[in-house]
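Undergrad: Got a structure here, written out as structure tokens. Questions coming.
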Amino acid sequence: MAKHTVTVTDNDSGKSVEYPVREGTHGPAAIDIKTLYSDFGHFTYDPGFTSTASCRSDITFIDGDEGVLLYRGYPIEQLAEKSSFLEVSYLLLNGELPDKNELADFTRSITVHTMVNESLKNFFDGFHYNAHPMAMLTAVVSSLSAFYHESIDINDPDSRTLCAHRIIAKMPTIAAAAFKHLVGEPFVYPLNRLSYSGNLLNMLFSRPSEEYEISPIAEKALDQLLILHADHEQNASTSTVRLAGSTGTNPFAAIASGCAALWGPAHGGANEAVLRMLEEIGDASRVEKYIAKAKDKDDPFRLMGFGHRVYKNYDPRATIIRKTCHEVLDDLGMANDPKLELAMKLEDIALKDDYFVERKLYPNVDFYSGLIYKALGIPTQFFTVLFALGRTPGWIAQWTEMVEDKEQRIGRPRQVYTGAARRDYVPLDKR
Ligand code: CMC
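Letter by letter, the sequence shown follows residues 8 to 438 of the numbering used here.
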């Protein structure tokens, strides 16, 4: 078969150059325009990167039109039902599902690294009692680089693996410490005999004063939520991790930059924003009014938890989590929770409304995840921290892939400069 190419012609000069097209396993092929600037002296303009592939990746595939999400080829539906977060983390990092021994070794390695240096705990004392937990998480993850800087050699595969295991292991400990600071309770140390999600729940909810029993429903739901968030190819936070990492910076600092990018309400902050929105709407009788606000172009209000840059059919994670959300609320005896009723009414009306139908705006994963977190007793401010925790194996797998990819260079986008033309400095007394 002839090699697929695309020819670009400058209609002013008439110059034409043929560019190779790179085919992937699934999904649209990409025109390789690396030499376009040297060929034409032009850049490409693509704000928001809607048509730009910034890398090649073997990790995750999304078909937004068909609502498909694959981690290393495995459909998210199968992983969410049959796998565990640690197994999925292994898969993302290594490319294949582990056998029994490999999973046992990986689990052992993650559990031995759950503790954080005791002095790291002191960092939390520097935060005001009501500091946003994402601010604490970002700062403390970044400060891990102070503990592991000289010892990390990003060019050494074993050093990269150790770093990946450390960050996956320590995220729950740091996240739970931020939670305890938020609620004004003493920090709880990790318990390595518990599962990843069980340990997280124990660090979040156990208190020195009373026994805490881990609810298997909560443990399973949390593990599934972490699986659903584990990777999502080149989203804003992952691209941020790759961009920061492309400079050769400390990987913990690169992951911290991912946390910062995730925090925004258009990305991982949406789960918090959904709950705040439901609180603001307050009552099912006010749904119509808020739907109208979301449609009004002069009103900045958007229906949080609706729409996605890539999914234009449905978000497969939302389909899974919607079911879990109903199960968890049923199990916890909260099926008639007014927030759930309100959310269902909002979903129902929006899905029939022409504005949302025409723009292919469907509920995304964050529309439901916040309802589950709320039912588990997690404060709204803390939701995005759990998203960050889930996304960590994805971030570190993508960082590793970037470091190993010989084609990757420091990330450095270009621009179309639209500022003042060259002009001479005018001394202050002449202005
Ligand atoms: N409510 C009302 N209108 C919306 C919404 C919404 N949630 N989302 C998009 N639109 C409209 C938008 O105004 C635009 O209308 P028009 O074509 O008339 O100008 C059209 O739909 C296309 O929107 P866009 O902003 O060009 O789409 P995008 O791909 O740039 O943005 C998005 C995607 C997720 C940022 C956006 O849909 C949004 O802000 N949603 C709410 C926030 C949210 O739930 N984010 C979580 C995403 S899932 C978690 C994750 O993976 O990070």
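Glycine included, every Cβ here is placed at the ideal spot set by N, Cα and C.
#1: Whose CA, out of Gly71, Asp39, Thr32, Arg79, lies closest to the CA of threonine 14?
#2: Where does the unbroken alpha helix (DSSP H) through valine 335 begin, and where does it stop?
#3: Quick check: the Cα distance between threonine 145 and serine 264, rounded to an integer number of angstroms?
#4: Less than 7 Å separating the Cβ of alanine 301 from some heavy atom of the ligand CMC?
#5: Report the option in Tyr136, Ala301, Asp431, Leu43 whose CA atom is closest to the CA atom of aspartate 361.
#6: Go to isoleucine 69, then tell me how far its beta strand (DSSP E) extends in each direction, as first and last residue.
#7: Please name the residue, chosen from Trp402, Thr331, Thr425, that lies closest to tyrosine 380 on a Cα-to-Cα basis.
#8: Taking 7 Å as the cut-off, is the C-beta of alanine 277 nearer than that to any heavy atom in the ligand CMC?
#9: Consider the C-beta atom of arginine 366 and the heavy atoms of the ligand CMC; say whether any pair is separated by less than 7 Å.
#10: I'd like the ranges of any alpha helix (DSSP H) spanning at least 4 consecutive residues and lying wholly in the segment 330-397.
#11: Say the cut is 7 Å; is the CB of valine 392 nearer than that to a heavy atom of the ligand CMC?
#12: Which same chain residues, not among the five before or five after alanine 176, have their C-beta less than 6 Å away from its C-beta?
#13: Hey, threonine 407 and leucine 100: beta-carbon distance below 8 Å or not?
#14: How would you write the range of the alpha helix (DSSP H) that proline 164 sits in, first residue to last?
#15: Do asparagine 371 and glycine 440 count as a contact pair if the criterion is CB distance below 8 Å?
#16: Could you check what DSSP says for leucine 77 in three-state terms: helix, strand or coil?
#17: To the nearest angstrom, report how far apart arginine 438 and tyrosine 432 are at their CA atoms.
#18: Hey, which unbroken runs of the alpha helix (DSSP H) at 4 residues or more fall wholly within the segment 216-257?
#19: Hey, quick one: how far does the alpha helix (DSSP H) through serine 150 stretch, first residue to last?
#20: Return yes when the C-beta of glutamate 273 is under 7 Å from any heavy atom of the ligand CMC, and no when it is not.
#21: Since glycine 74 and proline 323 are thought to touch, with beta carbons under 8 Å apart, how far apart are those beta carbons, to the nearest angstrom?
#22: Between alanine 238 and glutamine 415, what straight-line distance do the alpha-carbon atoms span, to the nearest angstrom?
#23: Compute the minimum distance between the beta carbon of phenylalanine 194 and the heavy atoms of the ligand CMC, and state whether it is under 7 Å.
#24: Could you pull out every residue in the same chain whose Cβ sits closer than 7 Å to the Cβ of alanine 171, ignoring the five residues on either side in sequence?
#25: May I have the straight-line CA-CA distance separating glycine 440 from isoleucine 174, to the nearest angstrom?
#26: So tyrosine 26 is in the beta strand (DSSP E); what residue range does that whole segment cover?
#27: Within the chosen definition, does the segment 327-343 reach the segment 221-233 through at least 3 CB pairs nearer than 8 Å?
#28: Give the straight-line distance between the Cα atoms of arginine 79 and glutamate 240, rounded to the nearest whole angstrom.
#29: So proline 140 and phenylalanine 92 are supposed to be a Cβ contact under 8 Å. How far apart are they, rounded?
#30: Say the cut is 7 Å; is the CB of aspartate 39 nearer than that to a heavy atom of the ligand CMC?
#31: Quick check: what's the CA-CA separation for serine 152 versus glutamate 217?
#32: What residue range is occupied by the uninterrupted beta strand (DSSP E) comprising valine 423?
#33: With DSSP collapsed to three states, give me the class of valine 123.
#34: Could you tell me the boundaries of the alpha helix (DSSP H) in which valine 15 lies?
#35: Along the chain, where does the alpha helix (DSSP H) containing aspartate 436 start, and where does it finish?
#36: According to the Cβ coordinates, are leucine 269 and threonine 180 closer than 8 Å?
TA: Looking at the coordinates:
#1: Threonine 14 has its Cα closest to that of Asp39, out of Gly71, Asp39, Thr32, Arg79.
#2: Start and end: 323-338.
#3: Each residue's alpha carbon lies about 7 Å from the other.
#4: Correct: alanine 301 has its Cβ closer than 7 Å to the ligand CMC.
#5: Here the closest residue by C-alpha is Ala301.
#6: Residue range 67-70 is occupied by the beta strand (DSSP E) that includes isoleucine 69.
#7: Per the Cα distances, Thr331.
#8: Under cutoff, so the answer is yes.
#9: Flag set: Cβ of arginine 366 near the ligand CMC.
#10: Within the segment 330-397, the runs of alpha helix (DSSP H) that reach at least 4 residues and sit entirely inside it are, in chain order, 345-359, 361-365, 372-382.
#11: No, since every heavy atom of the ligand CMC falls outside the 7 Å radius drawn around the Cβ of valine 392.
#12: Short of 6 Å from the beta carbon of alanine 176, and not among the five residues preceding or following it, lie these beta carbons of its own chain, in chain order: Ile117, His120, Thr121.
#13: Cβ distance < 8 Å, so threonine 407 and leucine 100 count as in contact.
#14: First-last of the alpha helix (DSSP H) with proline 164: 164-190.
#15: Because residue 440 is not part of the residues shown, which for the chain are 8 to 438, the question remains open.
#16: In the three-state scheme derived from DSSP, where H, G and I count as helix and E and B as strand, leucine 77 is classed as strand.
#17: About 10 Å.
#18: The qualifying runs are 223-236, 243-252.
#19: Taken as a continuous stretch (DSSP letters only), the alpha helix (DSSP H) holding serine 150 covers 140-154.
#20: It is worth fixing the name first, because residue 273 is alanine in this sequence and not glutamate. Alanine 273: yes, Cβ under 7 Å from the ligand CMC.
#21: About 5 Å; that satisfies the 8 Å criterion.
#22: Just to set this straight, residue 238 is aspartate in the shown sequence, not alanine. Straight-line Cα distance between these residues: approximately 20 Å.
#23: Closer than 7 Å to some heavy atom of the ligand CMC: that does not describe the Cβ of phenylalanine 194.
#24: Apart from the 5 residues on each side of it in sequence, alanine 171 sits with its Cβ closer than 7 Å to the Cβ of Leu100, Ile403, Thr407 in its chain, given in chain order.
#25: It is not possible to answer for residue 440, since the shown part of the chain is limited to 8 through 438.
#26: Per DSSP, the continuous beta strand (DSSP E) segment holding tyrosine 26 begins and ends at 23-29.
#27: Yes, since at least three Cβ pairs between the segment 327-343 and the segment 221-233 fall closer than 8 Å, the two stretches touch.
#28: Distance between the alpha carbons of arginine 79 and glutamate 240: 11 Å.
#29: Contact between proline 140 and phenylalanine 92 is absent: CB atoms are separated by about 20 Å, not below the 8 Å threshold.
#30: Not under cutoff, so the answer is no.
#31: C-alpha separation (whole angstroms): 35 Å.
#32: Run containing valine 423: none; DSSP gives neither H nor E here.
#33: Valine 123 falls in the coil class under three-state DSSP.
#34: Taken as a continuous stretch (DSSP letters only), valine 15 belongs to no alpha helix (DSSP H), being part of the beta strand (DSSP E) at 12-16.
#35: For aspartate 436, there is no enclosing alpha helix (DSSP H), as DSSP marks it with neither H nor E.
#36: No, Cβ-Cβ distance for leucine 269 and threonine 180 is not below 8 Å.
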